[in-house]
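Below is one structure, written out as C-alpha cells, with a few remarks after it.
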Amino acid sequence: MTNFDFKEWADLYQVDPVAFEQRREAVLEGYVASVDPEARQALEQTLFRIRMIRQRSKSPLQAAMESSKLMWESFGKLREQVEILEKELSPAPLKQNGLRLVDIDAAQQTAKDLFEPKEAHSPVQPSARVIPFTASNKRAH
Numbered sequence: 001m002t003n004f005d006f007k008e009w010a011d012l013y014q015v016d017p018v019a020f021e022q023r024r025e026a027v028l029e030g031y032v033a034s035v036d037p038e039a040r041q042a043l044e045q046t047l048f049r050i051r052m053i054r055q056r057s058k059s060p061l062q063a064a065m066e067s068s069k070l071m072w073e074s075f076g077k078l079r080e081q082v083e084i085l086e087k088e089l090s091p092a093p094l095k096q097n098g099l100r101l102v103d104i105d106a107a108q109q110t111a112k113d114l115f116e117p118k119e120a121h122s123p124v125q126p127s128a129r130v131i132p133f134t135a136s137n138k139r140a141h
C-alpha cells in the first residue's frame with residue numbers, strides 16, 4: 001500500500017466499520033506476507049501482540065496507549081543494542097596514571113636555583129612543566 005488516503009479510510013470507517021476492519025486486516029496481512037522470511041516471524045509476533053492489546057482494551061484510546069507503550073519498549077531495546085555496538089566499535093579510553101614527566105633541564109635549573117644563593121633582583125620562577133602521561137593497558141616496568 002503505497003498511497004494512504006486518510007479521508008478514504010475515515011469515510012469507510014464511518015459508513016461501514018466492519019468493512020474497514022476487513023480491509024485493515026487484509027492490508028496488514030498483505031504487508032506481512034511481503035516481508036523477508038527472516039523478519040516475518042518477528043513482525044507476526046508484534047502484530048499478534050497488538051491484536052491482543054486491542055482485544056482486551058476497554059477503549060480505542062487505551063489500545064492506542066498500550067500499543068504506544070509496546071513501541072517505546074521496543075525502541076528502548078533497540079537503543080540498548082546500539083549502545084552495545086557503539087562500545088564495541090569505539091576504541092578503549094586510555095587510562096591516566098599518576099606519573100609526571102618533567103623536563104630534565106628545567107628540573108636541574110630549578111634545583112640549582114633552590115640551593116644556590118639568590119640574587120636580590122631576580123625571583124626564582126619554577127620552570128618545570130607537568131606533562132600528562134597516558135599509558136596503554138600494559139603495566140609500566
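Using full-length UniProt numbering, the first residue of the sequence shown is number 1, and each one after it goes up by one. From the three backbone atoms N, C-alpha and C, an ideal C-beta is built for every residue, glycine too.
DSSP state of residue i mapped onto helix, strand, coil
i	result
Lys-58	coil
Val-32	helix
Ser-90	coil
C-beta neighbour in chain C for residue i, strict 7 Å
i	result
Phe-115	Although the question refers to chain C, the structure presented lacks it and comprises just one protein chain.
Beta carbon of residue i nearer than 7 Å to that of residue j
i	j	result
Val-32	Leu-43	yes
Bridge partner(s) assigned by DSSP for residue i
i	result
Lys-77	Partner(s): none; Lys-77 has no beta bridge.
Leu-12	Looking at the DSSP assignment, Leu-12 forms no beta bridge with any residue, so it has no partner.
Cα-Cα separation, residue i to residue j
i	j	result
Arg-56	Leu-12	24 Å
Ser-70	Leu-99	Note that residue 70 is Leu in the sequence shown here, rather than Ser. Cα to Cα, Leu-70 sits roughly 51 Å from Leu-99.
Arg-54	Ser-90	42 Å
Gln-41	Leu-101	60 Å
Phe-115	Lys-87	52 Å
residue 152	Val-82	What the structure shows of the chain is the stretch from 1 to 141, and residue 152 is not part of that stretch, so it cannot be assessed.
Ser-34	Gln-22	18 Å
State whether the region 77-84 contacts the region 93-109, with contact taken as three or more CB pairs (one from each stretch) at a distance under 8 Å.
The region 77-84 is not in contact with the region 93-109.
Quick one: any contact between the region 48-55 and the region 63-73, if contact means 3 or more CB pairs under 8 Å?
yes
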